[in-house]
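Numbering (my numbering), first residue to last: 32 to 318.
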C-alpha cells in the first residue's frame, strides 16, 4: 500500500481544523441557493455551506485539500480509506450541502446535478461512494430518497483522473432540496476527491432549441462564447460565475450572438439562453 509522509497527513488534519473554525466564524455567510448553484471548493471554508458527519466515529472525515501545482493544483474535498498512521480505515463519511431552492420549478423542468470525482492514486481507486438528493438534510432522509446513486470510482473512469458524473434530480422540483456525498463500503485504498459540484436547469421547451438547430461553442483563442439560432431570435442571455452571481445579462433580438468573455476571470460559467419563452442552460469553461 502507498504510504504518504507524515507531514502530508498532519497538514490534512490541520486543514480540517481550519474548516471547522471557518464555520464557527462564518456561520452568517450567504450560500447561494438559487440555480445555477456551483461549488468549486476554491476556499477552505467548506464548513460555511456544507455539514460533515463522521458516521463511523473514527474522527476521520471529509476535509478540504489543495494539491500543489506539481499535482495539478486541484482544490477539492477529500475522504480517506487509508492513513499511514492508522492503516486501513472503514469510512462512513457524509458531507451535506446547504439548502438549494427548487420551489420555482416544476417537473416540467430538467434539473441536473453534476460533479467531478476521482480516486487520487490510480492503483488504489476502488473507492465506493454514494450521491443523494432529498428534501431534508437528515441522514435518514437521504437514505430513503429515491434520488440517489452509488458506484466505485475506478469503475466509472476515475482512477487517478477526474471524471464528470451527472444525476437527474428533476423529480424534486418544487421543493427545497439538499445534496449529500457519502464515502463508505471502502477500505485500504487511499482517498476519494470531489470537485466542481453544479446544480442547473433547462425547461422542457428545450425541444424548441433542438427544432431550431440551436448551437453554441466557446472559442478560447478570442475568449468569445458564440450562440447560433437557425430561425428564432435569441431573447436574452444571462451568464453566471461559479458563485452563482450574474456577470452578464443581455437582451437580444438576433439569431446570432457573440459574447465577449475577455474581461471575465478564468473558470466555469453557466449561460442561460432564452428563445421563444424557452430556456436552455449550458456550462462552459473559460481558460
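Note that beta-carbon positions come from the ideal geometry of N, C-alpha and C, so glycine has one too. Because the structure is a prediction, the values reported are computed rather than measured.
* With a threshold of 16 other CB atoms inside 10 Å of the CB of residue 244, please say whether the residue is buried or exposed. => The residue given as residue 244 occupies position 213 in the chain shown. Exposed: under 16 other Cβ atoms inside 10 Å.
* To do: Compute the beta-carbon to beta-carbon distance between residue 298 and residue 223, rounded to the nearest angstrom, for a pair I have assumed lies under 8 Å.
  => Stepping through the chain shown from its first residue, residue 298 is reached at position 267. Stepping through the chain shown from its first residue, residue 223 is reached at position 192. About 23 Å; that fails the 8 Å criterion.
* Asked: Assuming residue 160 and residue 213 make a contact with CB atoms under 8 Å, what is their CB distance in whole Å?
  -> Position 129 of the chain shown, counting from 1, holds the residue named residue 160. Position 182 of the chain shown, counting from 1, holds the residue named residue 213. With a beta-carbon spacing of about 6 Å, residue 160 and residue 213 fall inside the 8 Å limit used to define contacts.
* Among the residues of its own chain, which have a CB less than 6 Å from the CB of residue 172, if the five just before and after it don't count? -> Along the chain shown, read from residue 1 onward, the residue named residue 172 stands at position 141. Scanning its chain for C-beta atoms nearer than 6 Å, with the 5 sequence neighbours on each side dropped, one finds around residue 172 the residues 165, in chain order.
* **Sequence-distant residues of the same chain with beta carbon closer than 6 Å to residue 183, five excluded per side** => As a first step, residue 183 is located in the chain shown; it is residue number 152 there, counting from the start. Cβ neighbours of residue 183 beyond the five flanking positions: 157 and 159.
* Validate contact between the segment 185-198 and the segment 141-148 using beta carbons, cut 8 Å, 3 pairs -> Enough Cβ pairs lie closer than 8 Å, so yes.
* Asked: residue 275 and residue 63: beta carbons closer than 8 Å?
  -> Within the chain shown, the letter at position 244 stands for residue 275. Within the chain shown, the letter at position 32 stands for residue 63. Yes, the pair counts as a contact, with Cβ atoms nearer than the cut-off.
* Asked: Can you list, in chain order, the residues of its chain whose CB lies under 7 Å from that of residue 73, leaving out five sequence neighbours each side?
  -> The count along the chain shown starts at 1 and reaches residue 73 at position 42. Annotation for residue 73: 106 place their beta carbon closer than 7 Å to its own, counting only its chain and skipping 5 residues before and after.
* Asked: Mapping DSSP to helix, strand and coil, what is residue 78?
  -> Locating residue 78 in the chain shown gives position 47, counting from the first residue. The answer is helix: DSSP assigns residue 78 an H, G or I state.
* **Cα-Cα separation, residue 310 to residue 304** => As a position in the chain shown, residue 310 is number 279, starting the count at 1. As a position in the chain shown, residue 304 is number 273, starting the count at 1. Answer to the nearest angstrom: the Cα atoms are 6 Å apart.
* Quick one: residues in its chain with C-beta nearer than 7 Å to the C-beta of residue 89, no 5 flanking neighbours on either side, listed in chain order? => Taking the chain shown and counting its residues from 1, the one referred to as residue 89 is at position 58. The residues are 120.
* **residue 162: first and last residue of the uninterrupted beta strand (DSSP E) it sits in** => In the chain shown, counting from the first residue as 1, residue 162 sits at position 131. Counting along the chain, the beta strand (DSSP E) containing residue 162 begins and ends at 159-165.
* The alpha helix (DSSP H) spanning residue 170 covers which residue range? -> The sequence position of residue 170 within the chain shown is 139, counting from 1. In the DSSP annotation of this structure, the continuous segment of the alpha helix (DSSP H) that includes residue 170 starts and ends at 170-175.
* Would you please state the rounded distance, in angstroms, between the beta carbons of residue 108 and residue 82? I believe it to be under 8 Å. => Here residue 108 is taken as the residue at index 77 of the chain shown, counted from 1. Here residue 82 is taken as the residue at index 51 of the chain shown, counted from 1. Residue 108 to residue 82, Cβ: 12 Å. No contact.
* Asked: Which residues share a DSSP beta bridge with residue 299?
  -> The count along the chain shown starts at 1 and reaches residue 299 at position 268. In the DSSP assignment, residue 299 forms a beta bridge with 316.
* Asked: Looking only at its own chain, which residues have a Cβ that is under 7 Å from the Cβ of residue 60, when we skip the five neighbours before and after it?
  -> Start at 1 with the first residue of the chain shown, and residue 60 comes out as number 29. The predicted model places residue 60 with a pLDDT of 47, which falls under 50 and marks its position as unreliable, so this point remains unresolved.
* If you draw a straight line from the alpha carbon of residue 248 to that of residue 86, how long is it in whole angstroms? -> In the chain shown, residue 248 corresponds to position 217, counting from 1. In the chain shown, residue 86 corresponds to position 55, counting from 1. Between the alpha carbons of residue 248 and residue 86 lies a gap of roughly 44 Å.
* Report the three-state DSSP secondary structure of residue 73 (helix, strand or coil). => Position 42 of the chain shown, counted from the start, is the residue given in the question as residue 73. When secondary structure is reduced to three states using DSSP, residue 73 falls in the coil class, being assigned neither helix nor strand.
* **Where the beta strand (DSSP E) through residue 247 begins and ends** => Counted from its first residue, the chain shown places residue 247 at position 216. From DSSP, the beta strand (DSSP E) with residue 247 extends over 246-250.
* Asked: Around the C-beta of residue 99, are 16 or more other C-beta atoms found within 10 angstroms, so that it is buried, or is it exposed?
  -> As a working note, residue 99 is residue 68 in the chain shown. Residue 99 comes out exposed.
* In three-state DSSP terms, what is residue 110? -> By one-based count along the chain shown, residue 110 stands at place 79. Strand.
* Asked: Do residue 290 and residue 263 have their C-beta atoms closer together than 8 Å?
  -> Locating residue 290 in the chain shown gives position 259, where the first residue counts as 1. Locating residue 263 in the chain shown gives position 232, where the first residue counts as 1. No, the pair does not count as a contact, with Cβ atoms beyond the cut-off.
* To do: Output yes or no for whether 8 Å exceeds the beta carbon distance between residue 93 and residue 131.
  => Within the chain shown, residue 93 is the residue found at index 62, counting from 1. Within the chain shown, residue 131 is the residue found at index 100, counting from 1. Their beta carbons are not under 8 Å apart, which means residue 93 does not touch residue 131 by this criterion.
* DSSP three-state assignment for residue 155, whether helix, strand or coil -> In the chain shown, counting from the first residue as 1, residue 155 sits at position 124. Helix, per DSSP.
* Asked: Is it right to say residue 123 is buried, meaning 16 or more other beta carbons lie within 10 angstroms of its own, or is it exposed?
  -> For the purposes of this step, residue 123 is identified with residue 92 of the chain shown, where counting begins at 1. It is buried - the Cβ of residue 123 has at least 16 other Cβ atoms within 10 Å.
* **Which of helix, strand or coil DSSP assigns to residue 254** => Along the chain shown, one-based indexing puts residue 254 at 223. Residue state, collapsed to three classes: coil.
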